[in-house]
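Everything in the sequence shown is counted per this note's numbering, starting at 67 for the first residue and increasing by one.
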Amino acid sequence: MSDTQQPPESVYNHLSKEESKVQKAPRYVSKFRQAVILENKATKDSMKTMGPANVEMPSPDKFLKKHSKEPKLPEVTECSKKCLRTCTCTVRKPPVPKRTDIPPMEIHTKKDFSQTTVAVPVKPTPASVDSRKGDKQLLEQSGLVPKYVLKQDYGEVPAYLQKRREEETKTQEEYERFIAEQKEQEAKKRLSEEERQSILKGLKKRWDHFHREYQCLPLIIDTFSKKAHKKRLEEAMSQLEKDISYFETYTIIYKPKD
67 MSDTQQPPES VYNHLSKEES KVQKAPRYVS KFRQAVILEN KATKDSMKTM
117 GPANVEMPSP DKFLKKHSKE PKLPEVTECS KKCLRTCTCT VRKPPVPKRT
167 DIPPMEIHTK KDFSQTTVAV PVKPTPASVD SRKGDKQLLE QSGLVPKYVL
217 KQDYGEVPAY LQKRREEETK TQEEYERFIA EQKEQEAKKR LSEEERQSIL
267 KGLKKRWDHF HREYQCLPLI IDTFSKKAHK KRLEEAMSQL EKDISYFETY
317 TIIYKPKD
């Protein structure tokens, strides 16, 4: 007798069971697929792997001959011979004089042919030997012989520096002239005593006008227009009081020119 225990029999065991289908995951599709395709098409070289698309097949009659690839000289023809004869000289030479022609006589020139034919002796370049082996150096570039101190303009200011100094002086003078003109235009004029008293009198008269108008305001100010009018009068009177105090305190006052 086996030790395994069987489940009890039941009617439900004879019912048909539905097979559960395993649902596969969706196939992976890269989101960069279109970009990769476009990049592959862009980098692909035409006619690289498969050769040209349409190639004319060589004819059997035109087979490759020996030495056919070597460079050849152009064929000489009658036309090329004539061109070679006429194109060798760029300028047409004068015709050869005939035997019967009389040569020109009595043509005098100031050129001395005897002096021109004399060979000028070549002078050796000055040099100094500075070693027992015969090593030498040119004196002109060695610094042993005075070269620049013998120049006519030695120790003088170069011309380009003088020109630059003149330009700087001219620019400075123009700038100073411009500043002087600006100061002259912006110069201030002193206010006379009569003008100061007349301005002070006008300010006081205007303050009296605003003060009289301020005294005429009603006791009850309940509207926005009345409040705004009162505020405007107070600001005007305050500004006039400052101006009157300024003109009374300072007797010397300057004003800009018109």
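C-beta: ideal position from N, C-alpha, C; glycine also.
Cβ neighbours of Pro169 within its own chain (closer than 8 Å, five residues either side excluded): Pro163. Separation of Glu252 and Pro322 (C-alpha to C-alpha, rounded to the nearest whole angstrom) is 7 Å. Put simply, the backbone Cα of Leu205 is about 43 Å away from that of Thr175. Three or more pairs of CB atoms, one per stretch, sit closer than 8 Å, so the segment 275-286 contacts the segment 296-310. Leu227 counts as exposed, since fewer than 16 other beta carbons sit within 10 angstroms of its beta carbon. Annotated as proximal: Leu306 and Leu269, with beta-carbon spacing under 7 Å. Contact between Leu210 and Ser197 fails: their C-beta atoms lie close to 15 Å from each other, not under 8 Å.
DSSP places Ala302 in the uninterrupted alpha helix (DSSP H) bounded by 290-315. Counting along the chain, Ala193 sits inside the beta strand (DSSP E) bounded by residues 193-195.
Rounded to the nearest angstrom, the Cβ distance from Leu266 to Glu314 is 7 Å, consistent with a contact under 8 Å. Excluding its 5 nearest sequence neighbours in each direction, Pro192 has C-beta neighbours in its own chain below 6 Å: Leu205, listed in chain order.
Closest in C-alpha terms to Tyr320, from the list Lys292, Asp309, Ile286, Arg262, comes Arg262.
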